[in-house]
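Read through the structure below, which is laid out as structure tokens, and then see the notes.
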């Protein structure tokens with residue numbers, strides 16, 4: 007049977023082409039709505055711009071088929087083989103693709119809204135700018151998939167495999183990512199507003215510029231994650247507490263409490279010091295800043311537990327916020343004290359620390375090794391500065 011014979015029989019009302027062997031034939035632009043291709047061999051077939059809506063494709067082989075701009079809405083395609091298929095701009099909305107193989111398929115700008123892709127294999131699939139709104143991807147394999155700028159709003163992503171996937175710029179509003187492994191992924195500028203990330207593994211994930219407004223991060227592991235510019239407004243943090251929006255403070259709104267000749271300095275933008283009730287105090291024109299460790303104030307935890315350089319960067323950022331609150335800058339610092347858990351870490355710490363001071367005007371410094379630091383930190387730094 008060839009393509010012309012199929013089209014002729016279809017025009018006569020025939021719909022059952024179960025187990026047909028049509029590999030390599032051309033059906034471009036054809037109307038084959040509700041056709042039955044169950045268990046058929048359609049590998050390499052050209053169905054581009056064709057209408058296959060409502061088709062029965064159970065167990066069919068569409069590997070390396072051409073389906074650009076094809077209408078595949080509401081197809082019943084359990085265990086369909088679409089590996090290496092060309093599906094750019096195809097419409098697969100509301101289709102049943104459970105346990106189907108879409109590995110290495112090109113689904114750029116494809117419409118997969120409300121599709122059932124549960125237990126499917128989409129490893130190394132190309133899904134840039136694809137729409138998967140409300141799709142069911144429960145336990146799907148998206149290893150090394152390219153999902154840049156894809157829209158996965160309201161999708162069920164529970165137990166999905168995302169190893170080495172690229173989600174840069176993706177929209178993940180209201181998605182279920184409970185207990186999902188997202189470690190090491192590029193989630194730059196991803197929209198995760200109101201996402202369920204309870205228990206998610208975000209170790210070393212890149213979340214720079216991500217929208218995490220009102221996301222639930224209860225129990226999530228953010229060790230080593232990068233959150234530069236991320237918006238955590240209203241998010242529930244790993245410790246179960248809701249993140250508070252930090253307001254921009256002016257000189258008039260600074261929280262400086264005068265107590266018997268000394269001014270207590272406090273800002274919500276920096277973490278509470280582990281060994282002191284106050285972040286800093288001004289006495290007789292001198293600012294004494296309590297020793298800080300590398301706590302990210304948004305998450306209230308150390309993100310880089312084994313990286314002394316990263317901890318130093320966070321400490322210096324925290325100290326700078328407190329100095330600014332007190333009306334001072336790094337140029338006003340006259341003395342620092344550095345505590346290291348291991349003196350062998352001095353070079354790595356100093357490579358970061360030294361960037362904050364002019365070599366000719368650097369403050370005097372004492373550096374000592376100690377047996378243990380709060381929260382098992384690798385470094386802790388305090389400073390003294392002049393007040394204006």
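Residue numbers (this note's numbering): 7 to 394.
Just so it is clear, CB atoms sit at the ideal spot from N, CA and C, and this is done for glycine as well.
On a predicted model such as this, the values are computed, not experimentally measured, just so you know.
For residue i, tell me which candidate among the options has the shortest Cα-Cα distance.
i	options	result
residue 218	179, 80, 383	179
residue 340	350, 358, 393	393
residue 369	352, 343, 15, 384	343
residue 195	145, 154, 147	154
residue 102	112, 108, 80, 88	80
residue 311	14, 226, 231	231
residue 138	159, 149, 145	159
residue 268	364, 281, 290, 123	290
residue 191	165, 13, 164, 149	149
residue 28	234, 68, 74, 20	68
residue 282	319, 275, 295, 274	295
residue 165	288, 185, 272	185
residue 151	193, 110, 362, 142	110
residue 362	351, 338, 378	338
Ends of the alpha helix (DSSP H) at residue i?
i	result
residue 317	314-331
residue 9	9-17
residue 359	352-359
Per DSSP, residue i forms a beta bridge with which residues?
i	result
residue 344	373, 387
residue 72	52, 92
residue 339	391
residue 137	117, 157
residue 232	212
residue 27	47
residue 204	Partner(s): none; residue 204 has no beta bridge.
residue 4	In the structure as shown, the chain begins at 7 and stops at 394. Residue 4 is therefore absent and cannot be evaluated.
residue 307	302
residue 82	62, 102
What first and last residue would you give for the beta strand (DSSP E) that runs through residue i?
i	result
residue 293	292-298
residue 220	Residue 220 -> no beta strand (DSSP E), and no H or E assigned at all.
residue 289	286-289
residue 272	268-272
Taking contact to mean at least 3 C-beta pairs separated by less than 8 Å, is the stretch 193-200 in contact with the stretch 170-179? yes
contact_flag[the stretch 76-92, the stretch 53-67] where n(CB pairs < 8 Å) is 3 or more: yes
Do the stretch 348-360 and the stretch 238-252 meet, that is, are 3 or more Cβ pairs less than 8 Å apart? no
Looking at C-beta atoms only, is the number of pairs between the stretch 321-337 and the stretch 238-249 that lie closer than 8 Å three or more? no
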